[in-house]
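Residue numbers for the sequence shown follow this note's numbering, beginning at 5 and rising by one.
Yeah, the Cβ is synthetic: ideal placement off N, Cα and C, and Gly gets one too.
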Amino acid sequence: MDSIGGSEVASKLNNLSPGEMKELQQFVEAESQKARMQSTVHELTNVCFRKCITSKISSGKLDKYEEPCMQNCVDRWIDANQTIIKSLENLKH
């Protein structure tokens, strides 16, 4: 951990120029978006894997039932999320 205390961090933040503050905010937002995306991919992988993978993957490949199940699961998940996003965007307007 950093040895910088909370009040020292606050003091350093207060000394940032408006341009530096904006750059910091953009960086934090980008990192937050990356974290959300990683979480979403993890959730998708977990849900579809539990649903579709029913055997051991000893050959390094999915069997003839698992592969289409995974593809369908991912497709439906993406469709559902796009529908939710569109609905939320419509609520904004």
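Item to check | Alpha-carbon spacing of ARG40 relative to GLN30, whole angstroms | outcome: 15 Å
Checklist entry - Between LEU48 and the rest of its own chain, which residues show a CB-CB distance below 7 Å, the 5 nearest in sequence each way excluded? => result VAL78 and TRP81
Checklist entry - What is the DSSP secondary structure of LEU95, counted as helix, strand or coil? => result helix
Checklist entry - What number of angstroms, rounded off, separates the C-alpha of GLN86 from the C-alpha of SER11? => result 42 Å
Next on the checklist: Using a Cβ distance threshold of 8 Å, determine whether the region 70-77 contacts the region 45-62, with at least three qualifying pairs required.
Outcome noted: yes
Checklist entry - CB-CB under 6 Å to LEU66, same chain, minus the five flanking residues each way: which ones, in chain order? => result none
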